[in-house]
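Its first residue numbered 37, the sequence shown is counted upward by one per residue in this note's numbering.
C-beta atoms are modelled at their ideal positions from N, C-alpha and C, and glycine is treated no differently.
Please read the structure below before turning to the comments.
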Amino acid sequence: MTADAPITPITQDVLTLPRKMPEGGKINLVGLTRDEMRNTLIAHGTPEKQAKMRVGQIWQWIYQWGKRDFAEMTNLAKAYRAQLAETFEISIPEVVSRLVSEDGTRKYLVRIAGGHEVEVVYIPEEGRGTLCVSSQVGCTLTCSFCHTGTQKLVRNLTAAEIVGQIMMARDDLEEWPVPGAPKDETRLLSNIVLMGMGEPLYNFENVRDAMKIAMDPEGISLSRRRITLSTSGVVPGIARTAEEIGCLLAISFHATTDETRDVLVPINKRWNIEELLQALASYPNASNSERITFEYVMLDGVNDSDEDAHRLIDHIKRHKIPAKINLIPFNEWPGSPYKRSSNNRIRAFANIIYQAGYASPIRKTRGDDIMAACGQLKSATERARKSRKQIEAEAGLGG
Ligand code: SAH
Ligand code: SF4
Numbered sequence: 037m038t039a040d041a042p043i044t045p046i047t048q049d050v051l052t053l054p055r056k057m058p059e060g061g062k063i064n065l066v067g068l069t070r071d072e073m074r075n076t077l078i079a080h081g082t083p084e085k086q087a088k089m090r091v092g093q094i095w096q097w098i099y100q101w102g103k104r105d106f107a108e109m110t111n112l113a114k115a116y117r118a119q120l121a122e123t124f125e126i127s128i129p130e131v132v133s134r135l136v137s138e139d140g141t142r143k144y145l146v147r148i149a150g151g152h153e154v155e156v157v158y159i160p161e162e163g164r165g166t167l168c169v170s171s172q173v174g175c176t177l178t179c180s181f182c183h184t185g186t187q188k189l190v191r192n193l194t195a196a197e198i199v200g201q202i203m204m205a206r207d208d209l210e211e212w213p214v215p216g217a218p219k220d221e222t223r224l225l226s227n228i229v230l231m232g233m234g235e236p237l238y239n240f241e242n243v244r245d246a247m248k249i250a251m252d253p254e255g256i257s258l259s260r261r262r263i264t265l266s267t268s269g270v271v272p273g274i275a276r277t278a279e280e281i282g283c284l285l286a287i288s289f290h291a292t293t294d295e296t297r298d299v300l301v302p303i304n305k306r307w308n309i310e311e312l313l314q315a316l317a318s319y320p321n322a323s324n325s326e327r328i329t330f331e332y333v334m335l336d337g338v339n340d341s342d343e344d345a346h347r348l349i350d351h352i353k354r355h356k357i358p359a360k361i362n363l364i365p366f367n368e369w370p371g372s373p374y375k376r377s378s379n380n381r382i383r384a385f386a387n388i389i390y391q392a393g394y395a396s397p398i399r400k401t402r403g404d405d406i407m408a409a410c411g412q413l414k415s416a417t418e419r420a421r422k423s424r425k426q427i428e429a430e431a432g433l434g435g
C-alpha cells in the first residue's frame with residue numbers, strides 16, 4: 037500500500053532548504069488578541085483614538101481575507117500602510133513539505149522559529165474537513181503507545197504558530213473568500229481538532245488565544261462546536277477549557293483500571309481515573325448535544341477485553357457523563373511496543389458499548405500510508421538529523 041500511494045512532496049530533502057530569517061526583527065501581528073494588537077499598534081505610533089478601528093480593519097484583512105501584505109489593505113491610508121510595513125509583519129509557519137495520501141489526507145510539515153518542525157494533518161470527509169493541529173513540538177508526557185511521546189525535544193508553540201497552522205491550510209486549500217463573492221457555507225476546512233503533536237493543556241494560554249482567534253466572527257469564524265480539544269487528562273485544565281475556550285472536549289482514556297492506565301497514559305499517576313471522571317462529570321458544556329469523546333486506542337491483549345468494555349461503560353454511567361466512545365485502531369510505528377487489536381476484537385468491543393446505549397464509532401485510519409495517522413506524528417527533524425549523522429559518518433567527517 038505504501039509503495040504505490042501517489043505521494044507528491046513539494047521537497048524531499050528538508051536539510052537543504054534555506055531557513056527563512058525574520059525580516060529585520062519585525063513584530064508579528066498574527067496570534068495577538070485584539071487587546072494585544074491594539075496596545076502594540078499604539079506603542080508604535082497609531083493614535084490611541086484610532087486604535088480600536090484600526091485593529092478591526094487589520095484584523096479583517098488578516099483573518100477574514102487572508103492577506104499578508106499591508107499594501108493590500110486598501111481601506112487604510114497609503115502612508116499608514118507603509119508605516120505598518122516598517123514595523124510589523126504578518127507571518128505564519130513555513131511549509132517545508134506536503135504529502136497527499138491516496139485517501140486525500142494531506143500531511144504538512146511546517147517550520148517554526150528555531151528551525152523546529154511540527155506536523156499538521158488535513159482530513160477531508162463527506163460534507164466537512166478537519167484540520168488536526170499541533171500545540172507543541174514533541175510532548176513532555178510519555179504515553180507508551182504514542183510516537184510523539186518518544187521525541188525528546190519539546191517547545192510550546194506560540195499562539196501565532198497555532199493559528200498559523202489554520203491559515204497555512206486555508207492557503208493550501210485556496211479557501212480565503214474573495215471580496216463580493218457569495219458566502220460559501222460548505223467549507224473545506226470546517227473543523228479543528230487539537231490532536232496533533234503535544235498536550236494542549238500544557239500550553240493553555242497559547243492554545244486558548246489561538247482558538248479565540250479561530251472563533252472570532254470577524255475572521256476565520258469557526259463555531260466553538262467545531263473545535264475539539266484532546267487531552268490526556270490534565271485535570272486542572274479541564275474546567276479552564278470550558279470557561280476560557282468553550283470548545284468540545286476529547287479525553288485520551290485508553291484504559292479502564294489505574295494499573296493499566298498508569299502504564300499507557302502515565303499522567304494517570306498524577307490524576308487517576310476517578311479524579312479524571314469527576315472533572316468530566318462537572319464539565320459545564322457537556323450535554324447530549326455536546327458529548328465528551330472518550331478516545332480509546334485498541335491494543336491487542338492490553339486493554340481490549342470484554343471486561344474492559346464493561347468497565348468503561350460502568351465508569352461513564354456511574355458518573356452520568358454524556359459521552360461517545362471513539363475506538364481507535366492502534367497505528368503502529370517503527371519500534372512500537374504494541375500490536376493493533378484484531379478487527380473482530382474491535383467489533384466485539386464496540387458492540388458491548390453500543391448495546392449499553394452509547395455511540396461507539398471505530399475511527400477510520402486515515403493517511404497511514406504517509407504516517408499521518410493518530411500517534412504517528414513526529415517531527416522529521418530528528419530523523420533528518422540522524423540521517424545527516426549517518427551521511428557524515430559514511431563520508432568520514434565524524435559527528
Ligand atoms: N496530547 C493530546 C492530544 C494529541 S494525541 C492527547 O493525548 O489527547 C491525539 C490522540 O491520538 C490521542 O487520543 C492519543 O492517545 C492518540 N494516539 C496516540 N498515539 C496513537 C497511536 N499510535 N495509534 C492510535 N492513536 C494514538
Ligand atoms: Fe503526548 Fe498525547 Fe502522545 Fe500522550 S498521547 S505522549 S499526551 S501527544
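Ala359 has Ile328 as its beta-bridge partners, per DSSP. Looking at the DSSP output, Val156 bridges to Tyr144.
In this structure, Leu335 and Tyr374 form a Cβ contact; the two beta carbons are roughly 5 angstroms apart against a cut-off of 8 angstroms.
A residue is called buried when at least 16 other Cβ atoms come within 10 angstroms of its Cβ; Glu331 meets this threshold and is buried. Its Cα nearest to that of Gly371, the residue Thr186 stands out among Arg260, Ile382 and Thr186. Counting other Cβ atoms within 10 Å of its Cβ, Gly150 stays below 16 and is therefore classed as exposed.
Residues of the same chain with a CB within less than 7 angstroms of the CB of His80, apart from the 5 flanking positions on each side, are Thr123 in chain order.
The C-alpha of Arg297 is placed about 5 angstroms away from the C-alpha of Ala291. If you compare the alpha carbons of Arg262, Ala315, Pro365 and Asn321 with that of Asn339, the shortest gap goes to Pro365. Measuring C-alpha to C-alpha distances from Leu68 to each of Phe106, Glu125 and Thr110 identifies Glu125 as the nearest. Ala107 and Pro129 have their alpha carbons spaced roughly 21 angstroms apart. The segment 264-279 makes contact with the segment 230-244; the number of CB pairs closer than 8 angstroms reaches 3 or more.
Comparing alpha-carbon positions, the option among Lys360, Trp369 and Asn367 lying closest to Ala395 turns out to be Lys360. Between the segment 167-184 and the segment 224-234 there are three or more inter-stretch CB-CB distances shorter than 8 angstroms, so the stretches are counted as touching. DSSP places Pro302 within a helical segment (H, G or I) once states are collapsed to three. Annotation: Trp212 to Ser341 spans about 47 angstroms, alpha carbon to alpha carbon. A straight-line Cα-Cα distance of about 26 angstroms links Gln119 and Asp207. By the Cβ-count criterion, Val214 is exposed, with fewer than 16 other Cβ atoms from all chains shown falling within 10 Å of its own Cβ. If the five residues before and after Arg74 are omitted, its C-beta is found closer than 7 angstroms to the C-beta atoms of Ala87, Lys88 and Val91, all from its own chain and listed in chain order.
Following the DSSP letters along the chain, one finds Ile128 in no alpha helix (DSSP H), marked with neither H nor E. Glu311 counts as exposed, since fewer than 16 other beta carbons sit within 10 angstroms of its beta carbon. Residue pairing by DSSP places Gln172 opposite Asn192 in a beta bridge.
The shortest CA-to-CA distance from Tyr144 to any of Val157, Asn380 and His152 is the one to Val157. Remark: the C-beta of Glu235 is in contact range of the ligand SF4, defined as less than 6 angstroms to any heavy atom. In this structure Ile389 is not in contact with Ala317, their Cβ atoms being roughly 19 angstroms apart against a cut-off of 8 angstroms.
Relative to the non-hydrogen atoms of the ligand SF4, the Cβ of Gly269 never comes closer than 6 angstroms to any of them. Assigned with DSSP and collapsed to three states, Met334 falls in strand.
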